[in-house]
Amino acid sequence: MIPRCSSSGGSGSGFVGERALLGVVHVANIHKPNNVSYLYNNLLISPREKESHLYNRLPVLRAERGLSRQDLTTAVEVNSQTIGYLERGDDKPSLELAFRLSEYFGLPIEAIFSRAPFKPLSEEKYPQD
337 MIPRCSSSGG
347 SGSGFVGERA
357 LLGVVHVANI
367 HKPNNVSYLY
377 NNLLISPREK
387 ESHLYNRLPV
397 LRAERGLSRQ
407 DLTTAVEVNS
417 QTIGYLERGD
427 DKPSLELAFR
437 LSEYFGLPIE
447 AIFSRAPFKP
457 LSEEKYPQD
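In this text, residue positions in the sequence shown follow our numbering: the first is 337, and each later residue adds one.
And the structure:
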């Protein structure tokens, strides 16, 4: 049986967890049950920290084409806040949306999104030797 553990922070925000094998503790915030984190070797790892960041060139592509966020929102048929979330890195596109953006800009998906930061376009076109 996995022993349960719980603690409450000074602000009254409670966490409930289950001590698991290999020293991993499953921690759930009781106020936000879907926000689950893991405690491993005294390091709290939340799902956001485990996910890799996805970089994008949406602001550059919009600027090159003189598009507002609203213009792009209308063109790819998404909620008006979605483009802002994507540009700030607060959200990742669905595969469907990534394809729509790719088709709209006439670029491959990997030219718009990347797991590694993009180099400035000036360095890509005119490398500094």
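In this text, a Cβ means the ideal position worked out from N, Cα and C, and glycines have one as well. Keep in mind that this is a model prediction, so the values were computed, not measured.
With 16 other Cβ atoms within 10 Å as the buried cut-off, status of residue i
i    : result
N392 : buried
L422 : buried
F435 : exposed
L408 : buried
P429 : buried
Helix, strand or coil at residue i [DSSP, three-state]
i    : result
Y421 : helix
S450 : strand
Y462 : coil
Proximity winner among the options, relative to residue i (alpha-carbon distances)
i    : options                : result
G425 : E459, P453, K461, E460 : P453
L394 : E460, S458, N415, L437 : L437
L433 : E446, P444, V412       : V412
S388 : E459, R451, D427       : R451
Inter-residue CB distance, residue i and residue j (contact presumed, cutoff 8 Å)
i    : j    : result
Y401 : G420 : According to the sequence provided, residue 401 is Arg. The question's Tyr does not apply to it. Actually they are not in contact, since the Cβ atoms of R401 and G420 sit about 17 Å apart, beyond 8 Å.
L457 : V414 : The Cβ separation is near 25 Å, so there is no contact.
Other residues of its chain near residue i: CB distance less than 6 Å, five sequence neighbours each side excluded
i    : result
F493 : Since the first residue of the chain shown is 337 and the last is 465, residue 493 is not available in this structure.
Y440 : A411, V412
I445 : A434, S438
Cutoff 7 Å; reference residue i; Cβ partners in own chain excluding five residues on either side
i    : result
S416 : Q406, T409
Check: residue i C-beta below 6 Å from any heavy atom of the ligand FMN
i    : result
F454 : The ligand FMN is absent from the structure shown, which contains no ligands of any kind.
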